[in-house]
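**Student:** If you scroll down you'll find the structure; I have some questions about it.
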Amino acid sequence: MSGIHSGSEILVIVLAGGQGERLYPLTRDRAKPAVPFAGSFRIIDFTLSNCVNSGLRKIYVLTQYKSLSLDRHIMVGWQFLHYDLGEFIQTLPAQQRLGQVWYKGTADAIFQNIYTLEHEKPAWVLILAGDHIYKMDYREMIAAHIKHGADLTVGCVPVKAAQARQLGVAEIAANSQIRAFHEKSPNPPTIPGQPDYCLASMGIYVFNTEILVRRVVEDAKRKTAHDFGRNIIPAMVSSDRVFAFHFRSPAPECNTYWRDVGTIDAYWESNMDILSPNPQLNLYDEHWRVHTYQEQRPPAFFGPGCGETRESFIGSGCVIRGRRIIRSVLSPNVVVEEGAEVEDSIIFEHVTIGRRAKLRKVIVDKNVTIPAGTQIGFDRDKDSSLFTVTDGGVTVVPKDTIL
Amino acid sequence: MIKVLVVEDDPHQRVLFSEELVAAGYEVITATNGKEAVERLGKETPSIVVLDLRMPVMDGLDALGRILAQRNDLPVIIHTAYGSYRDNFQSWSADAFVTKSSDLSELKSTLRRILVERGILKETEKA
């Protein structure tokens, strides 16, 4: 690739400190990037796999809230790189080098880690979010950054205008230079010729390191939200060379598949997308594997009484005796007892679904036993009195619930 | 009168810088290392800081971050004999970088420039 000698000139910083409030109660006890996804994975596995598959192996994961589960996952699942070769994936909690202050925003998280940038002195810094589901070869974005002689390149993807109100939206010139940037605007500008779509920022950035340092230092001295989308990028658009990079995937079938699983409904839908017969994001693609950590467990067992199971992920260690499992994700160590029915649902680890229980469009978090005969997902009023039920009709049974 | 916090561990230099800045019309308070400087900011409100880098107890780079965490609007001039720190990203949080010399005219002109830029001093005004 032109201009890059090796991935070692690029430092990756994954921002994994957000609270993920809109994913509550799944984020009650864990950071959003540590929320399980598609049975075997955690959300952050997608970003980290993209890095490793892109040959980028100097990775800091910036953590802050409820990081125990995330730390442990990275410690046990992502320690296969070799530090002697300059490769690492390391979590970096708020160091409080500047006093007893937490990260005030995404830009402040970088400002507070200037020491780390000084220590590594990379030519470029790739800043990523730890909570998106997609496959991407970041080398293409870095090559475009170098080709444009850019100071900053923002990864962008077309999204529907309604969805773009929650995101940053770029207006670009024919050469992809960003002319204006609108963060969470109620009326985001649409793509010329595509009135239903906006060019949204994916919250991923390639910076020339020196520019990054100068801009976060300037921002630190102002009264701002210290946020890349709200403060740094809009200011840089007029003073620096800021370009958009149009997201494309190494796997052609998922060229437009990028999801910010920021809400329970978006999270549920993204899991269901991956279960579809021709998924846009294929987990069985050997050319772009998604890595994770899994405990050693025996294969899933389907007992003599089990009925129909289809369009579902069944994790290792599961014991299935139930009547029907359709379009569902079962994490490892789930037991489905005789006569139980599970449909359009996502079941986390260590869950037992009792005899003749029926679940429809339910997310059951860890360590829950659904008693025999229980029905969830059939009576919205009743479910709402006990659990979180979303606008999209997804019921969430929180971790450790005793029913 | 504009108050300058001079952070300098060498006692002779501390006296020299203070006297020159007082002669130039500033009020000067001093600290002998970064930790003391951060502590002084809890009690006093200088308009600008002149910060040495190599100091015992807490060095200037470490102090710089803590100073800005306390008062992010406070201008800081790094004043060091070690020009190589110009390349250190941590030093870029300062408003200016002046290499030490027995002639303090660069320090004084930089002080004045930053104070004017920040609107603390008017162009025509004396310190």
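Residue numbers (the numbering used here), protein chains in the order written: chain A, 1 to 403; chain B, 1001 to 1127.
All C-beta atoms in this analysis are idealised placements derived from N, C-alpha and C, irrespective of residue type, glycine included.
1) Leaving aside the five residues before and after L1061/B along the sequence, list all residues of the same chain whose C-beta is less than 8 Å from its C-beta, in chain order.
2) R327/A and E343/A look like a contact to me (Cβ under 8 Å); what is the Cβ gap, rounded to whole Å?
3) Could you tell me the distance, in whole angstroms, from the CA atom of Y103/A to the CA atom of P1075/B?
4) Between I114/A and chain B, is any beta-carbon pair separated by less than 8 Å?
5) Could you please give the first and the last residue of the uninterrupted alpha helix (DSSP H) stretch that includes V1038/B?
6) So what's R1118/B in DSSP terms, helix, strand or just coil?
7) Do you know whose CA, among P25/A, P36/A, T27/A, lies nearest H350/A's CA?
8) By how many angstroms is the C-alpha of C198/A removed from the C-alpha of G149/A?
9) Quick check: what's the CA-CA separation for F1097/B versus T116/A?
10) I'd like the list of long-range same chain contacts for A164/A, defined as Cβ closer than 7 Å, with 5 residues on each side in sequence excluded.
11) Give the secondary structure of D260/A by DSSP, where H, G and I count as helix, E and B as strand, and everything else as coil.
12) Looking at the unbroken alpha helix (DSSP H) that takes in S238/A, where does it start and where does it end?
13) Would you check if there are 3 or more beta carbon pairs closer than 8 Å linking the segment 393-401 of chain A to the segment 10-28 of chain A?
14) List, in chain order, every chain B residue whose beta-carbon is nearer than 7 Å to that of R214/A.
15) Specify the secondary structure class of A143/A as computed by DSSP and reduced to three states.
16) Roughly how many angstroms lie between the CA atoms of A31/A and L70/A, to the nearest whole one?
17) If I'm right that V329/A touches N271/A with Cβ under 8 Å, what's the distance once you round it to whole angstroms?
18) Considering only C-alpha positions, which residue in the set L359/A, G392/A, N367/A is nearest to F378/A?
19) Would you identify the three-state DSSP class for T390/A, choosing helix, strand or coil?
20) Just to confirm my understanding: we take G229/A, look at its own chain, exclude 5 residues before and 5 after, and list those with CB closer than 6 Å. What are they?
21) Per DSSP, which residues does Q177/A bridge with? Please list them.
22) Which ranges does the alpha helix (DSSP H) cover as unbroken runs of at least 4 residues, wholly within the segment 1049-1080 of chain B, from first to last along the chain?
23) Give me the residue from R1118/B, D1103/B, V1015/B with the minimum Cα distance to D1095/B.
24) At a Cβ threshold of 8 Å, is G3/A touching chain B?
25) Please report the straight-line C-alpha distance between D29/A and V1006/B, rounded to a whole angstrom.
26) Count the other CB atoms within 10 Å of the CB of N175/A; is the residue buried (16 or more) or exposed (fewer)?
27) Give a yes or no on whether 8 Å exceeds the smallest Cβ distance from E87/A to chain B.
28) For a test of the three-state rule: what should DSSP assign to M75/A, helix, strand or coil?
29) Whose C-alpha, out of D131/A, T91/A, P122/A, I325/A, is nearest the C-alpha of T63/A?
30) Am I right that D265/A and D365/A are in contact with their C-beta atoms under 8 Å? What's the rounded C-beta distance?
31) Using alpha carbons as the reference points, say which of G1083/B, Y1082/B, D1059/B lies closest to D1009/B.
32) Answer with yes or no whether the minimum CB distance from A235/A to chain B is below 8 Å.
33) Given a threshold of 16 other Cβ atoms within 10 Å of its Cβ, counted over all protein chains shown, does N278/A qualify as buried or as exposed?
34) Check whether the Cβ of A220/A lies closer than 8 Å to any Cβ atom in chain B.
35) Taking the C-alpha atoms as reference points, what is the distance between K121/A and Y293/A?
36) Taking the C-alpha atoms as reference points, what is the distance between V1004/B and T1110/B?
**Tutor:** So, from the data block:
1) Taken in chain order, the residues that qualify are L1053, Y1085, N1088, Q1090, S1091.
2) 6 Å
3) Looking at the two C-alpha atoms, the distance is approximately 22 Å.
4) yes
5) 1034-1043
6) coil
7) P36/A
8) 25 Å
9) Across the structure, F1097/B and T116/A are spaced so that their CA atoms are roughly 21 Å apart.
10) P188, C198, A200
11) strand
12) 233-239
13) Because the criterion of three Cβ pairs below 8 Å is met, the segment 393-401 of chain A and the segment 10-28 of chain A touch.
14) W1092
15) helix
16) Each residue's Cα considered, the two are about 7 Å apart.
17) With 8 Å as the limit, V329/A and N271/A qualify as a contact, their Cβ atoms being about 5 Å apart.
18) L359/A
19) Secondary structure at T390/A: coil, using DSSP grouped into helix, strand and coil.
20) G168, E183
21) Bridge partners of Q177/A: F243/A.
22) 1060-1070
23) R1118/B
24) Residue placement at G3/A cannot be trusted, given a pLDDT of 49 that sits under 50; the coordinates are not used to answer.
25) For D29/A and V1006/B, the gap between their C-alpha atoms comes out near 47 Å.
26) Here N175/A is exposed. Its C-beta has fewer than 16 other C-beta atoms within 10 Å.
27) Not a single CB atom of chain B sits nearer than 8 Å to the CB of E87/A.
28) Note: M75/A maps to helix in three-state DSSP.
29) T91/A
30) Incorrect: roughly 16 Å between the Cβ atoms, too far for contact.
31) D1059/B
32) no
33) exposed
34) yes
35) 31 Å
36) 13 Å
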